[in-house]
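I have placed the structure first, in the form of structure tokens, so that the comments after it can refer back to it.
In our numbering, the protein residues as written are 51 to 219.
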């Protein structure tokens, strides 16, 4: 059976995922200058820590299969270690060849609203830490209504990811 990994810890991570057209809470922001920033974009960096993850395999006890599903919840922190929100999401295995892939849908719950993030995570069956990924911000609620942009996620420790959120203005 495939070991449980935080392959899609909040794409927005979630996640991953996150705040176009509106400012995020000041506590969540780490600055606007980043290698990921373009033009007038705003970049926010958050740390996500996996809190709960459950895997629902198509073939319990068997090899990974198309349709396997992972449901997860993670807590989001700013650069100072303050909790600023959380993520909830699901990832579905779409292929088990070429190191595997999952499609993930994640909601980032932040002060002022929610952000929706969606995209693929490749290399999920490779040994070692979960792979980095880039997913798209598909929308939001409240202050984040009509949000657009992208989220880049890197694993920085077991069960912990850094999310770089690039918000298009």
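All C-beta atoms in this analysis are idealised placements derived from N, C-alpha and C, irrespective of residue type, glycine included. Everything numeric in this text was worked out from a predicted model, so none of it was measured.
Take residue 216, set aside five residues on each side of it, and the residues of its chain with a beta-carbon closer than 6 Å to its own are 86, 91, 93, 199, 200, in chain order. DSSP assignment within the stretch 175-205 yields the following whole beta strand (DSSP E) runs of 3 residues or more, N-terminal first: 183-190. Check the Cα spacing between residue 159 and each of 139, 172, 176, 177: the tightest is with 139. Assignment of residue 159 by DSSP, reduced to helix, strand and coil, places it in the strand class. Exclusion of the five residues before and after residue 210 leaves 99 as the residues of its chain whose Cβ lies within less than 6 Å of its Cβ. Counting every other CB atom within 10 Å of its CB across the protein chains shown gives residue 185 a total of 16 or more, marking it as buried. Here the alpha carbons of residue 171 and residue 155 stand approximately 11 Å from one another. Using a Cβ distance threshold of 8 Å, residue 164 and residue 127 do not count as a contacting pair. The Cβ-Cβ distance between residue 134 and residue 118 does not fall below 8 Å.
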